[in-house]
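S.K.: Take a look at this one; I'll ask things after.
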Amino acid sequence: MTYRTLPVASGRRTLAVVARQVRAVGPVGAAAVAASVAANACVLAGPWALGLLVDAVVRGDGPRGVLVPAAVIAGAALAGGVLSALESVLLARTGETVLARLREAVMRRAMRLSEEELSRLAPGDLLSRVGDDVAETSEVVRERAPLVLTSLVLVVMALGGMAALDWRLGLAGACALPVHALALRWYLPKSAPMYARQRAQLGERAQALVGTLQGAATVDAYRLRERRTALVAERSAAARDTEVGVFGLFTRFIGAINAAEFVGLAAVLAVGFHLVAADAATVGAATAAALLFHRLFDPFGALLTTFDDVQSAGASLARIAGVLDLPEPPEPADPARPAHGGVRVRGAVHRYGEGPAVLDGVDLEVAPGERVAVVGASGAGKTTLARAVAGGLALSGGRVLVGGAPVDRVPRAELRRHVVLVSQEAHVFAGTLADNVRIADPGAGDDRVLAALEAVGARGWALGLPDGIATAVGENGVRLTADRAQLLALARLVLADPPVAVLDEASAEAGSAGARGLERAALAATEGRTALVVAHRLPQAVEADRVVVMEAGRIVESGTHGELVARGGRYADLWRAWSDDRA
11 MTYRTLPVAS
21 GRRTLAVVAR
31 QVRAVGPVGA
41 AAVAASVAAN
51 ACVLAGPWAL
61 GLLVDAVVRG
71 DGPRGVLVPA
81 AVIAGAALAG
91 GVLSALESVL
101 LARTGETVLA
111 RLREAVMRRA
121 MRLSEEELSR
131 LAPGDLLSRV
141 GDDVAETSEV
151 VRERAPLVLT
161 SLVLVVMALG
171 GMAALDWRLG
181 LAGACALPVH
191 ALALRWYLPK
201 SAPMYARQRA
211 QLGERAQALV
221 GTLQGAATVD
231 AYRLRERRTA
241 LVAERSAAAR
251 DTEVGVFGLF
261 TRFIGAINAA
271 EFVGLAAVLA
281 VGFHLVAADA
291 ATVGAATAAA
301 LLFHRLFDPF
311 GALLTTFDDV
321 QSAGASLARI
331 AGVLDLPEPP
341 EPADPARPAH
351 GGVRVRGAVH
361 RYGEGPAVLD
371 GVDLEVAPGE
381 RVAVVGASGA
391 GKTTLARAVA
401 GGLALSGGRV
411 LVGGAPVDRV
421 PRAELRRHVV
431 LVSQEAHVFA
441 GTLADNVRIA
451 DPGAGDDRVL
461 AALEAVGARG
471 WALGLPDGIA
481 TAVGENGVRL
491 TADRAQLLAL
501 ARLVLADPPV
511 AVLDEASAEA
521 GSAGARGLER
531 AALAATEGRT
541 ALVVAHRLPQ
551 AVEADRVVVM
561 EAGRIVESGT
571 HGELVARGGR
581 YADLWRAWSD
591 DRA
C-alpha cells in the first residue's frame, strides 16, 4: 500500500497559527513583555550610572557626587532581580499556555481524522509530528523563546541608550549590525532547507522503524530482516549526515558573529576616544557606551545563535501547522437524528482507491434489537460493511441508515452515542483499569464501572488485581492479556449503552479458550441492542437471530443457523468444515 504524507504549512500560515495561540493568552503575554522591558531598563541603568560615576571622579566631585550613582547601581540591581524573576514567571506561564494550547490543537485535529484518512497516512509521519515535532517546539518555547524576547528588548534599548549618550556613539555601535546581517543572509538560505530536510528525514526514519516493528512477523517470515535493517540504517544515516552538515554550517556562522562583535566594539572605542579628545563627549559617556555595547555581546549572540534552534522549531511548527490545516470533517448541513435502533443498508458499494469493489451492491436490514452475524472468507467485505454501518468510512455508492437517518447526515457526536464499534484491536490506555472502562462515559462512578465489568464477566479478575479497579494498567502498569483487554472494550460498550453495537471479530486476538469466554461476554454486552457481529468463529453465528454470508463483496445467503445448514449452501460448507476440524 502506498502511504501519503501530511502537508507542510507555508511560513505565513505557520506564523498565523502561532500568533493565534499567543493572542489567546490575553493580558498575561502583554504583562510579560512589560516586565521584560522594565527588567532590561534596570540592567542598562548600571552602565549609565557607572558613566556618571566616572565623570564625577574626573570632575573631583565630593562623596555625594559618587554616592548617588553608586546608589542608582545598587537600586537598579535589586529592582532588576525582582523584575527578572517576575518576567521569568510571566514568560513561563505564557509559553506553557501557548504550548499546551498548540499541543491540544494538534492532538484534537489528529484524533478527528477519519479511519479512512488514517489508513492512508504514513504512521511514522503522523507520529513524528505529534511526537518529535511537538517535543522540538516545546523545547524552544520553554528555553529559547524567553531568551529571544529578553535579548531583543535589550538590544533595542541598549542601542537607543548609546544614541542618547551621543548619536555618533550610537552609530558606531550600529556598525556591528551590517556584519550580523551579512552573516544571517549567508546562513539562513543555506540552513533553512537543511532543517526542513532533517525534519522530513526524521519522519522517514520513524516510518521505517514503525513499519518494521509493526510487521515484524512478516519481516521474519519473508526473510526481510537484513533489507529492513538496511533501510532503517540508510534513513538514519541520511538524518545524521544532514545534522552534521548543519553543525558545520553553524560553526562558521559563530565565527561571523565574533567578527561582528569585534567590529562594533572597536568602532565604539575609536569614536569614543576621538570624541573625548575633541571635548565632544565626556570620559563617562564614552565608558558608558563601551559598557552598553559590551552588554550586547550576550543578547546578540543569543539572538543569532538561537536562529539555529528557531529554524529547527520553525520547520517543526510548519509540520505541526500542516496537521492543523487538514480540513475538519464537515458536520451535515441538514442533520438528522436516529429514531430507533434499526439498521438499513441499501445498494452499498465501496472501493479502496482504484481497487476492485470490496462491497458490491449490498442490501441488509437489521430490525431493532436483532442480532445478525456476518460470516464469510477473508476479503469477503465483512469488516468494510461493519465500518460503513459504524460510520467509519464513506461509501463509494449506496447508503446506510441507522434509526432511519442516513449515517452521513447524523452529527459525529450523535452517531458515536448511537453506534459503537468494538474491533479486534482493543487498546489498553496507560491509567487505571477503572479509567480505561470510564472512557465510554467519563462521568460514570465506580459502581457503574463495576456493573459494566460484571455484565461481561470481568468483575472477578478486575477486583483480584493488586488495587482492584484502581490498579494501573497498560504502559508502566499491569499488562493485560488479549482476552482481558477485549473484555475492557466490551465493558466500555456496556457503559456507553448505545442502541446499536457493531462487533468486528472481537474475539480474534484471543486463544480458543479465551475466545469462548469473549463470545459469552459479547453476547451479554449486546443483550437488548441491535447488533451486527462480524464472526471470527462460527459458534458466534449459532447464537445470532440471523446469519448473513458474504462472498466477493455480496450477501449470498441469509437465514438462521438451522435454516442455512439445512439449505446445504455456502454456510453449510463452512459449518461442516468447522465441525470436522474440531471433531
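The end of the sequence shown is residue 593 by this note's numbering, with every number in the run present.
All C-beta atoms in this analysis are idealised placements derived from N, C-alpha and C, irrespective of residue type, glycine included.
Can you tell me the Cβ-Cβ gap for PRO378 and GLY351, rounded? I've got them flagged as a contact below 8 Å.
M.R.: Position 368 of the sequence shown holds residue 378. Position 341 of the sequence shown holds residue 351. Correct: roughly 4 Å between the Cβ atoms.
S.K.: Would you give the residue range spanned by the alpha helix (DSSP H) that LEU425 belongs to?
M.R.: Here the question's residue 425 lines up with position 415 in the sequence shown. Segment 422 to 428, the alpha helix (DSSP H) holding LEU425.
S.K.: Along the beta strand (DSSP E) that carries GLY408, what are the first and last residues, could you check?
M.R.: Within the sequence shown, the letter at position 398 stands for residue 408. Counting along the chain, the beta strand (DSSP E) containing GLY408 begins and ends at 407 to 412.
S.K.: Can you name the start and end residues of the beta strand (DSSP E) that LEU542 belongs to?
M.R.: Locating residue 542 in the sequence shown gives position 532, where the first residue counts as 1. Note, LEU542: beta strand (DSSP E), 540 to 544.
S.K.: Decide if VAL385 is buried, meaning its Cβ has at least 16 other Cβ atoms within 10 Å, or exposed.
M.R.: Residue numbering aside, residue 385 sits at position 375 when the sequence shown is read from its first letter. With 16 or more other Cβ atoms within 10 Å, it is buried.
S.K.: Could you give the DSSP three-state label for VAL466: helix, strand or coil?
M.R.: Residue 466 sits at position 456 when you count from the first residue of the sequence shown. In the three-state DSSP reduction, VAL466 falls in the coil class, being neither helix nor strand.
S.K.: For VAL281, which residues from the same chain have a beta carbon less than 7 Å from its beta carbon, with the 5 sequence-adjacent residues on both sides left out?
M.R.: On the sequence shown, residue 281 is found 271 positions in, with the first residue counted as 1. Excluding residues within five positions, the ones whose Cβ falls inside 7 Å are ARG178, LEU179 and ALA182.
S.K.: Measuring CA to CA, which of GLY39, ARG195, ASP135 and GLY363 is closest to GLY326?
M.R.: Here the question's residue 326 lines up with position 316 in the sequence shown. This sequence places Ser at residue 326; Gly is not what is there. Of the candidates GLY39, ARG195, ASP135 and GLY363, the one whose C-alpha sits nearest the C-alpha of SER326 is ASP135.
S.K.: Pick from THR442, GLY105, THR228 and GLY213: whose alpha carbon is nearest that of ALA249?
M.R.: To locate residue 249, count along the sequence shown from 1; it is residue 239. The candidate whose alpha carbon is nearest that of ALA249 is GLY213.
S.K.: Inspect the CB distances between the segment 418 to 436 and the segment 454 to 464 and report whether three or more fall short of 8 Å.
M.R.: no
S.K.: On the three-state DSSP scale, how would you describe ASP477?
M.R.: As a working mapping, residue 477 is identified with position 467 in the sequence shown. In this structure, ASP477 counts as coil in the three-state DSSP scheme.
S.K.: Indicate whether the contact test is met: 3 or more Cβ pairs, each with one atom in the segment 334 to 343 and one in the segment 105 to 125, closer than 8 Å.
M.R.: Touching, yes.
S.K.: Going by DSSP, name the residue or residues bridged to HIS360.
M.R.: As a working mapping, residue 360 is identified with position 350 in the sequence shown. According to DSSP, residue pairing for HIS360 in a beta bridge involves LEU369.
S.K.: Quick check on the burial criterion: 16 or more other C-beta atoms within 10 angstroms. Buried or exposed for TYR232?
M.R.: The residue given as residue 232 occupies position 222 in the sequence shown. Classification of TYR232: exposed, given that the 10 Å Cβ count is below 16.
S.K.: So the alpha helix (DSSP H) ILE449 belongs to, where does it begin and stop?
M.R.: Counted from its first residue, the sequence shown places residue 449 at position 439. Careful: ILE449 lies outside any alpha helix (DSSP H) and carries neither H nor E.
S.K.: Let me know the secondary structure DSSP gives GLU515 once reduced to three states.
M.R.: On the sequence shown, position 505 is the one that residue 515 refers to. DSSP places GLU515 in coil when its eight states are reduced to three.
S.K.: Beta-carbon within less than 7 Å of ARG235's beta-carbon, same chain only, minus the 5 sequence neighbours each way: which residues are those?
M.R.: Position 225 of the sequence shown, counted from the first residue, corresponds to residue 235. Excluding residues within five positions, the ones whose Cβ falls inside 7 Å are VAL229.
S.K.: Secondary structure at LEU128, three-state DSSP: helix, strand or coil?
M.R.: The sequence position of residue 128 within the sequence shown is 118, counting from 1. It is helical.
S.K.: Taking only runs that begin and end inside the segment 26 to 75, name each unbroken alpha helix (DSSP H) of 4 or more residues, in chain order.
M.R.: 37 to 69, all fully within the segment 26 to 75.
S.K.: Measuring alpha carbon to alpha carbon, tell me which residue in VAL254, LEU302, THR261 and LEU187 is nearest ALA270.
M.R.: Taking the sequence shown and counting its residues from 1, one reaches residue 270 at position 260. It is LEU187 whose Cα lies nearest to the Cα of ALA270.
S.K.: Count the other CB atoms, across all protein chains shown, that sit within 10 Å of the CB of GLN224; report buried if there are 16 or more and exposed otherwise.
M.R.: The residue given as residue 224 occupies position 214 in the sequence shown. GLN224 should be labelled exposed.
S.K.: Tell whether a beta-carbon distance below 8 Å holds between LEU100 and ALA48.
M.R.: Here residue 100 corresponds to residue number 90 of the sequence shown, with the count starting at 1. Here residue 48 corresponds to residue number 38 of the sequence shown, with the count starting at 1. The answer is no: Cβ separation not under 8 Å.
S.K.: Assuming PRO309 contacts SER433 under a Cβ cut-off of 8 Å, what Cβ separation, rounded to an integer in Å, is found between them?
M.R.: Within the sequence shown, numbered from 1, the residue matching residue 309 stands at position 299. Within the sequence shown, numbered from 1, the residue matching residue 433 stands at position 423. Actually they do not touch by this definition, with Cβ atoms about 55 Å apart.
S.K.: Tell me which residue opens and which closes the beta strand (DSSP E) that VAL150 is part of.
M.R.: Translated into the one-based positions of the sequence shown, residue 150 becomes position 140. Element bounds for VAL150: n/a, residue is neither H nor E.
S.K.: Using 8 Å as the threshold, is the C-beta distance between MET204 and LYS392 below it?
M.R.: One-based indexing of the sequence shown puts residue 204 at position 194. One-based indexing of the sequence shown puts residue 392 at position 382. No; because the gap between Cβ atoms is not below 8 Å, this pair is not in contact.
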